[in-house]
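> For what it's worth, my numbering labels the leading residue of the sequence shown as 15, then goes sequentially. Backbone N, C-alpha and C fix where the C-beta goes; we use that ideal spot for every residue, glycine too. Okay, handing you the structure first.
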Amino acid sequence: MTFLAPGLAIAGLLAAGVPIIIHLLLRRKRVPVPWAAMALLMEAARRHRRRSRIERWFLLVVRALILALLGVALAGPLLGERVATLESVTMHLVIDDGIVSGVTGEGGITALDQQVEAAIELVNGLEPSARVSVVLAGRPVRTLIQPATTDHRSVVSALEGVLVREGATDLASALDRIAIAINDGDVKGGHEVRLFSDLRRGSINDRTRPPALSSPDGDIRLVTTTPTEARVQSVQIVNIDVARVPLSLAGGGDDRLVSVRLRRTGETPESSTTIRIAGDAIAAPETRRVEWTAGVTDATVDFQMRVDEDGGVLEALILEPDGLTLDDRRSTMVEGRVPSRILILDRDDFGGVGRVDRWRATDWFERALLPDLGGDLAEAVEIDRVDPAALNQRDLDGVSVLVVGRPDLLDDEFLPELVRWTNEGGVLVTMPPGSTTVRPWATPLLDSLGLDWSVALEAESLEEPRRLSSNQPASALTRLLDAEISDLAPSVSINRRLPIEGPNDGDVVLVDDADEPFLIDVPIGLGRLVFFTVAPELDWTDLPVRPLMVPLVQEITRQGTALAARGRDGVVGERPPTARTSGAAMILPGGDRIVLDADSDEIDQDRLPTRSGVAEVVDLSDRILERRVVNPAVDQAKLETIERDEVLEWLSPSGDWVIESESDQVEVAAIIGTDIAGMLVVLVLFLVLFETVLARWFARGGIVNRRSRGLTGANAEADAARMDRTEAVS
C-alpha cells in the first residue's frame, strides 16, 4: 500500500494516541480520603472492576481506530501492482483538432467536442501529483501545455478553449513533439501518452510515420481511443479551376470557364448536391445541381461566366448541410481583363517566314495560339519573342507561359533563374530543336528541374511512320478534349521523335501507337513543365496541319496556366499563398503578418496560415498590392472509418499501443493502483456512530448496570486496588 499524501497518514496515526494519553491521565493516583460508607462501595467496585475495565479499553480502541483510519483515508491509500509510479507520472495528451475532427453527430456535437470532454474527464480524475502536457495535432501543430504541469485547473481551462482547425491532422508531428519533451525533460518517473481522436481515414497519413516514444527509465504507456465506427457522408469542394474559355466556346468579352471538382467521402448513397458560385469577381451568383448515383465519389461541375474587369474573389459553396461543413466552401482569385503574356524563345529566321514548309515549331505554336489575328482572343493574349541567348530575368516579368523552341541555346548560368520562375507558377513548354543541335541540352535542363529522365542526344527517324493512339491517358491538361481526342489523335502521323525514358506514367499526356510518350506534363513546384518529344513542325509530324493542333495548344496554355494558378492559393497549415511581389508583407486571415522573401525557399512552420479566408499583400504603408486566398486542407478530409489493426500498425513505430474501449473508466487506477479511500471513509463513519451508541450505553452502567448496582465510576478501579492493599495489611 502507498499513499498520495503520506503526511496525512502519519498525522492520523499520531492522532490515534490522543485517546490513549487522555486515558492514562485519567488513571493517575489520587489521595484516598476514607469516609463512613467507603467499605461498601469498595466491595462493589472489586466485584465489577474487570467488566468496567473491558468497557473502557473497548471505547479506547474504537476512538483511537477512528482517528487513525480518518488520517489514512485522507492520505489516499492505494493498492495495485504499479503503485511505484504514482508520485512521478506524467500525462502527455495529444488532441486531434484537425479538419476531420469537425465531423458533427447528433445534436450538432463535433468529434472534437467529444474528445475534449474525454480528455477533461481524464484530467479531473488524475491525482494532484500527476503532471499534464497537451499537444494539438491539427496543422500547424502547436503545443498547448508545455512543460507538463500539475495545475489541472489551468489544463482544463485550456482544453475548453480548443476549437476545430481547418488544417490536416498530423499525428506524426504531434507525437514527435511529445518524444522531444520526454527526452529533453529532466522529470523522472513514468510517462503515459494519450491520443484522443476519432481516427478516421483523414487522421492517418500513410506518407509519414510517428517517431519512437521512450523514456529514460523505460516506464512509458501508450493509449489511444477506439477508432470510431460512426458512418457519415460529406460532399467536398476539392478544386476550383478558372481559365479563359476555349475558342469553340468563346462568345466575346472576358468569359471564363470555371470548373468545380467535387468529391464524396464517407458514405456514398444516391443523393443530390447544389453548388453555387458567387463572389465579387462576378455580377450575379450562379447555381448548378449534381445528381449522384450510389457509389460515385467524383464529379466536375462547369460554369461559363463573365468576369468583372477588375477580377476578384470567386467562391464555390455547397448549399446542403452534411457531416462536415468545413469542406463545403472554397475560394480562388480571378485575374481581371489582363492579357496573358506568352514569351517564345527562338531565333529569328527571316528567310523561312513566308513558306509554310519552313515554319519552325514555335511558328506553328504561335499561329495555333492566335488562329484569327483580328479576333477577340487577340485581346486576351500577348505574345513576344526573344532570342534564347539574350534572355534575362526582366524578360520573365509578368510571363505566364514560356515556349522554348531552341533549348540548346539557353545559357546554363540562366537555368537556376528559369527553375525559380517555373517553381513560382510559370508554365515552361519545351520542344526539341527542329533541325540543328548545337550541344546536348536536355540533361542540364532536366537536372536543374530535378527530373531523373534519360533523353537521347539526337532525334531518331522512324522507318515506318507512327500515329497517335486512339486510347490516350487521362490527363488534367487535356480534360476538355476527352470527348474528341479519340477521333482527332489517330489522324496525326509521326516521322521523327526524341527517345526518352524515365517519365512517370501519370505525367504522360499523349502517346503514339507504340505506347511511347509524345507529350509530357509534370508539375514543378507551383508551375508546370510541358515537354514535347516530337517537335510540332512538318519534318517531324503533320500535327501542325491536323485539327488537333489548335485545341491542343489552346489547352496547354489555358489549362496549364489554370493548373499552375491552383498552386498559388494558400492551404491552412501547409503553405501560405504565393504573390508576385517580393519584399512586401502579407497579412494572413486572422491578422498574422509575414514577410515575403523571394530568396528563401523555407517555410516557417510557426507562420503557416491557421484559418481560411482572404490574405492581403501590402507595402510599407499598408497599401493593398494583391489579394490571395487561403483554403481548408480538404485533401486530407477523408471521413471513411478504419479498422483497429490498421491504426495499431500505423502507430507501431512509436511503441506498443493499446486501444481504450468506450466502456473503460479513466484508467488512473491502471497506473497508480486501486483507490480504497472511499471504503475507509465509510468505515470511519460507521465507527463514529458505533462509538456514540457505545459511549452512551456504558455511561448508563453498561454491562455492570444490568447485573449489580455497584460502583462503576472513573476511580472505581483505583479505589478497589487500594481496598485490596488495606485488607492485606490488616
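1) If I measure Cβ to Cβ from residue 215 and keep anything under 6 Å in the same chain, skipping five residues before and after, which residues do I get?
2) Which whole-angstrom value is the C-beta distance of residue 644 and residue 591, which I expect to be below 8 Å?
3) Report all residues from its chain with a CB closer than 6 Å to the CB of residue 445; omit the five preceding and five following residues, and keep chain order.
4) As an exercise, report each continuous beta strand (DSSP E) stretch of at least 3 residues that is fully enclosed by the region 177-255, in chain order.
5) Could you check if residue 360 is buried or exposed, using at least 16 other CB atoms within 10 Å of its CB as the buried criterion?
6) Contact between the region 291-299 and the region 319-338: three or more CB pairs below 8 Å?
7) How should residue 181 be labelled, buried or exposed, when 16 other C-beta atoms within 10 angstroms of its C-beta is the threshold for buried?
8) For residue 69, name the three-state secondary structure that DSSP assigns.
9) Can you tell me which of the three DSSP states residue 423 falls into?
10) Helix, strand or coil for residue 693, going by three-state DSSP, please let me know.
11) Provide the residue(s) that pair with residue 313 in DSSP beta bridges, ordered along the chain.
12) Please list, in chain order, all residues of the same chain as residue 518 whose beta carbon is under 8 Å from its beta carbon, the five residues on each side excluded.
13) Nearest-angstrom Cα distance between residue 491 and residue 381?
14) Going by beta carbon distance, what residues of the same chain come within less than 7 Å of residue 552, once the five residues before and after it are set aside?
15) Residue 335 to residue 303, Cα distance in whole Å?
16) Helix, strand or coil for residue 686, going by three-state DSSP, please let me know.
17) Use the C-beta contact count for residue 224: other C-beta atoms within 10 angstroms, 16 or more gives buried, fewer gives exposed.
18) Can you give me the Cβ contacts of residue 166 inside the same chain, cut-off strictly under 6 Å, excluding the 5 residues immediately before and after it?
19) Where does residue 382 sit, in a helix, a strand or coil, going by DSSP?
20) Mind checking which residues open and close the beta strand (DSSP E) that includes residue 664?
21) Exposed or buried, what is residue 272 when buried is set at 16 or more other beta-carbons lying within 10 Å of its beta-carbon?
22) Using a Cβ-Cβ cut-off of 8 Å (strictly less than) and excluding sequence neighbours within five positions of residue 438, which residues of its own chain qualify?
23) So, for residue 129: in the same chain, excluding its five sequence neighbours on each side, which residues have a beta-carbon less than 8 Å away from its beta-carbon?
24) So, helix, strand or coil for residue 34, using DSSP?
25) Going by CA-CA distance only, name the one from 464, 425 and 455 that's closest to residue 436.
26) What is the rounded straight-line gap between the Cα of residue 792 and the Cα of residue 245?
27) Which residues in the same chain have their Cβ closer than 6 Å to the Cβ of residue 193, if we skip the five residues on either side of it in sequence?
28) Suppose contacts are defined by Cβ-Cβ distances below 8 Å. Is residue 574 in contact with residue 441 by that definition?
29) Could you name the residues that DSSP lists as bridge partners for residue 600?
30) Just verifying my parser: in three-state terms, what is the DSSP assignment at residue 398?
31) Are there 16 or more other CB atoms within 10 angstroms of the CB of residue 99, so buried, or fewer, so exposed?
32) What's the C-alpha gap between residue 459 and residue 484?
33) The alpha helix (DSSP H) with residue 434 in it runs from where to where?
34) Considering only the beta carbon of each residue, do residue 179 and residue 624 sit closer than 8 Å?
35) Can you list the beta strand (DSSP E) stretches of 3 or more residues lying completely in the region 457-495, in chain order?
36) For residue 673, list the residues DSSP reports as bridge partners.
Straight from the coordinates:
1) Counting from 1 along the sequence shown, the entry for residue 215 is found at position 201. 652, 654 and 656, listed in sequence order.
2) Taking the sequence shown and counting its residues from 1, one reaches residue 644 at position 630. Taking the sequence shown and counting its residues from 1, one reaches residue 591 at position 577. The pair is a contact, with the Cβ atoms about 6 Å apart (cut-off 8 Å).
3) One-based indexing of the sequence shown puts residue 445 at position 431. A distance below 6 Å between beta-carbons, with the five flanking residues on each side excluded, links residue 445 to the following residues of its chain, in chain order: 375, 419, 546 and 549.
4) Qualifying beta strand (DSSP E) stretches, in chain order: 205-210 and 234-239.
5) Reading the sequence shown from its first residue, position 346 is the one you call residue 360. With 16 or more neighbouring CB atoms inside 10 Å of its own CB, residue 360 falls in the buried class.
6) Flag = yes, the region 291-299 and the region 319-338 touch.
7) The count along the sequence shown starts at 1 and reaches residue 181 at position 167. Flag for residue 181 reads buried.
8) Here residue 69 corresponds to residue number 55 of the sequence shown, with the count starting at 1. Look at residue 69 here: in three-state DSSP terms it is helix.
9) The sequence position of residue 423 within the sequence shown is 409, counting from 1. Correct three-state label for residue 423: helix.
10) Residue 693 sits at position 679 when you count from the first residue of the sequence shown. When secondary structure is reduced to three states using DSSP, residue 693 falls in the helix class.
11) Position 299 of the sequence shown holds residue 313. DSSP links residue 313 through a beta bridge to 276.
12) Residue mapping note: residue 518 aligns to position 504 of the sequence shown, counting from 1. Closer than 8 Å at the Cβ level, and outside the excluded window around residue 518, lie 536.
13) Sequence index remark: in the sequence shown, residue 491 carries index 477 (1-based). Sequence index remark: in the sequence shown, residue 381 carries index 367 (1-based). Whole-angstrom Cα-Cα distance: 20 Å.
14) For the purposes of this step, residue 552 is taken as residue 538 along the sequence shown, with counting starting at 1. Cβ neighbours of residue 552 beyond the five flanking positions: 371 and 558.
15) Stepping through the sequence shown from its first residue, residue 335 is reached at position 321. Stepping through the sequence shown from its first residue, residue 303 is reached at position 289. Residue 335 and residue 303 have their C-alpha atoms roughly 14 Å apart.
16) Taking the sequence shown and counting its residues from 1, one reaches residue 686 at position 672. Only weak support exists for where residue 686 lies, its pLDDT of 42 falling under 50; the value from the coordinates is given anyway. Here residue 686 sits in helix by DSSP.
17) For the purposes of this step, residue 224 is taken as residue 210 along the sequence shown, with counting starting at 1. Buried.
18) The sequence position of residue 166 within the sequence shown is 152, counting from 1. Here the set comprises 137.
19) To locate residue 382, count along the sequence shown from 1; it is residue 368. In the displayed model, residue 382 falls within a helix according to three-state DSSP.
20) Taking the first residue of the sequence shown as 1, we reach residue 664 at position 650. Careful: residue 664 lies outside any beta strand (DSSP E), inside the alpha helix (DSSP H) at 658-665.
21) Taking the first residue of the sequence shown as position 1, residue 272 is located at position 258. Counting of Cβ neighbours within 10 angstroms places residue 272 among the buried residues, the total reaching 16 or more.
22) Position 424 of the sequence shown, counted from the first residue, corresponds to residue 438. So the qualifying residues of the chain are 539, 540, 541 and 592.
23) Within the sequence shown, residue 129 is the residue found at index 115, counting from 1. Closer than 8 Å at Cβ, skipping near neighbours: 109, 110, 115, 210, 211, 212 and 239.
24) For this step, residue 34 is matched to residue 20 along the sequence shown. When secondary structure is reduced to three states using DSSP, residue 34 falls in the helix class.
25) Within the sequence shown, the letter at position 422 stands for residue 436. Answer by Cα proximity: 464.
26) With the chain running from 15 to 744 in the structure shown, residue 792 is simply not present.
27) Taking the sequence shown and counting its residues from 1, one reaches residue 193 at position 179. Cβ neighbours of residue 193 within its own chain (closer than 6 Å, five residues either side excluded): 225 and 227.
28) Reading the sequence shown from its first residue, position 560 is the one you call residue 574. Reading the sequence shown from its first residue, position 427 is the one you call residue 441. With contacts defined as CB atoms closer than 8 Å, residue 574 and residue 441 qualify as a contacting pair.
29) Position 586 of the sequence shown, counted from the first residue, corresponds to residue 600. 608 and 631, per the DSSP bridge assignment.
30) By one-based count along the sequence shown, residue 398 stands at place 384. Under the three-state reduction of DSSP, residue 398 is assigned to strand.
31) Taking the sequence shown and counting its residues from 1, the one referred to as residue 99 is at position 85. Residue confidence for residue 99 is low, a pLDDT of 42 falling below 50, so the modelled location carries little weight; the figure read from the coordinates is stated next. So residue 99 ends up on the buried side.
32) In the sequence shown, the residue the question calls residue 459 occupies position 445. In the sequence shown, the residue the question calls residue 484 occupies position 470. Residue 459 and residue 484: Cα-Cα distance of roughly 31 Å.
33) Indexing the sequence shown from 1 puts residue 434 at position 420. Residues 429-437.
34) Taking the sequence shown and counting its residues from 1, the one referred to as residue 179 is at position 165. Taking the sequence shown and counting its residues from 1, the one referred to as residue 624 is at position 610. Yes, Cβ-Cβ distance for residue 179 and residue 624 is below 8 Å.
35) Unbroken beta strand (DSSP E) runs of no fewer than 3 residues, entirely contained in the region 457-495, are found at 474-481, following chain order.
36) Taking the first residue of the sequence shown as 1, we reach residue 673 at position 659. Under DSSP, residue 673 takes part in a beta bridge, and its partners are 238.
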